[in-house]
Every structure is written in C-alpha cells, then in structure tokens.
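**Student:**
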Amino acid sequence: MFGGVFNTCYVKRIMEYTASGSTGSGGYSTHASLDDGEMDWDYIETMMNSEVIGYRIDWLKKFWFPVDFMDCWSVYLLDKDEKTVIVLDPTETDVMDEMKIKHESHAKKFQRRFCSLFNNYFGNGLVETDGWKFLYPLVAQHEPCSREDSGVYITHYYTDFTGLYLRSTLSQDQIDGLRAKLAYEIVTMKGNKGDVPEFAYDMIID
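Going by UniProt numbering, the first residue of the sequence shown is number 1, and it counts up by one from there.
1. My output table needs one value for K133: the three-state DSSP class, helix, strand or coil.
2. Which residues in the same chain as E143 place their Cβ atom closer than 8 Å to its Cβ, once the five residues preceding and following it in sequence are excluded?
3. Suppose only complete runs of 4+ residues qualify. What are the alpha helix (DSSP H) ranges in the stretch 54-99, listed by chain order?
4. Apply the 10 Å Cβ neighbour rule to E128 and answer buried if 16 or more other Cβ atoms are within range, or exposed otherwise.
5. Do the stretch 40-51 and the stretch 84-100 meet, that is, are 3 or more Cβ pairs less than 8 Å apart?
6. Using only the alpha-carbon positions, how far apart do G24 and L88 sit?
7. Work out the CA separation of G177 and Y153 for me, nearest whole Å.
8. Report the option in Y184, T155, I86, R112 whose CA atom is closest to the CA atom of G163.
9. From what residue to what residue does the alpha helix (DSSP H) around D149 run?
10. List the whole-angstrom C-beta distance separating T155 from L138, where the pair is believed to meet the contact cut-off of C-beta under 8 Å.
11. Return the residue from the list E185, D81, M39 that minimises the CA-CA distance to F110.
12. For D79, which residues from the same chain have a beta carbon less than 7 Å from its beta carbon, with the 5 sequence-adjacent residues on both sides left out?
13. Would you mind stating whether S171 and T91 have Cβ atoms separated by less than 8 Å?
14. Report the option in Q141, R147, F118 whose CA atom is closest to the CA atom of R167.
15. In the DSSP assignment, the alpha helix (DSSP H) including Q141 goes from what residue to what residue?
16. Taking the alpha carbon of V75 as the point to measure from, which residue in G125, Y43, Y157 has its own alpha carbon closest?
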C-alpha cells in the first residue's frame, strides 16, 4: 500500500504561485518552508496518529514526501519494506548526475530522521534504519523544468510515475493547465478531513 504524508508547505507554495497569475518568479515564495529542505516533523508526527488521518500508517509500505529543497520541489518516495528511497527532482533530470550530487546527503539525513520518528512512535526496530538504497530513476527521462514549475511537476509524478519510469511528460501549456486544476481542487477540498490552511482558500477567492 502507498501513503502520502501531507506537507502544508507544499500547498502554500502552490497556492501563492497560482495566485500570482504568473509563470515568472513573482509568486515564488521562499518563506513557505522551514529551514531549507526540512519538513515540519512535528506535523508529520501528528499524521502518524490513526485518529487524525483515519487509518494506521504503520500498515503502509510506501510514503510520498514533497520536499522543498534548494528553492524547488522534489519528491522522496520511501519504501520501508524494500529499504529504498527514490529521489525525483524535476529540475535535475540531465545525465550528469546532478540529481544525485544535489540530494544524496540530504536524502540520507531525511531517511534516517523518518525511520527514527517512525520507530519512536510505533516501536523500536519496526523499520530498519541502516542498509537503505537511494535511487534516481528519472535522470534523462524528461527535460528539466524550472524551479517555479517544480511543484506542479511533482503532482504529475504522483499520477504518472510507475516506480521505474514516467508514463508521460508535460509541455508548458500542460503545466499551466495542471496548476489551475490544482488550485480548483484544493479550494473544493474545504471541509474535508485533510488540513488545508485557511489562507489557501482566501488567496484563490481574492
């Protein structure tokens, strides 16, 4: 089974950028995240509570994390049973190994922090911390996108990444269309159990 641990910083960045109505840097905010590349681990811990999210994440196999690192969005896909971390960065897809150079140290730190938090919450030894593999499967599979479009592109990864390859790539028109679709869907989520920040609706309505 697959589960996503929601990152409200991701919603904030997408909504701020959408509200700007621009494909330039005008709506690109560096204030949406904590320290560069850091998740809100206190928030993630609350999402481990089955009473909060409605199911037990310790029964899940894979976890999808949107990660704000070096002014762009990437994805870390952790498989706790296979002990693998798949790193997807839509801005670093050329063949020169920039994705690995950029992310390897940070992804290892991230994986160890998640395993430690998981074991502290559900019981020591449930997830092994050592011996993980780090994979970068999307190198050379599509042209790099801009930092400003990275948040939109990783939502495309969510639907079209098979675990080995990307079923389709996005043109700029498709990226712009997906951004508008995301804005609509986030607004219509209001009232659901998921925690979407109040400012997200206000920015779109305004």
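Each residue gets a CB set at the ideal place from its N, CA and C atoms; glycine is no exception. None of these values were measured; they are calculated from a predicted model.
**Tutor:** The structure says:
1. strand
2. T93, T169
3. none
4. exposed
5. no
6. With a pLDDT of 35 at G24, under the threshold of 50, the modelled position of that residue is not reliable, and no figure is offered here.
7. 11 Å
8. I86
9. Per DSSP, D149 belongs to no alpha helix (DSSP H) and is neither H nor E.
10. That belief does not hold up - the Cβ atoms of T155 and L138 are roughly 15 Å apart, past 8 Å.
11. M39
12. K61, K62
13. no
14. Q141
15. No alpha helix (DSSP H) holds Q141; DSSP gives it neither H nor E.
16. Y157
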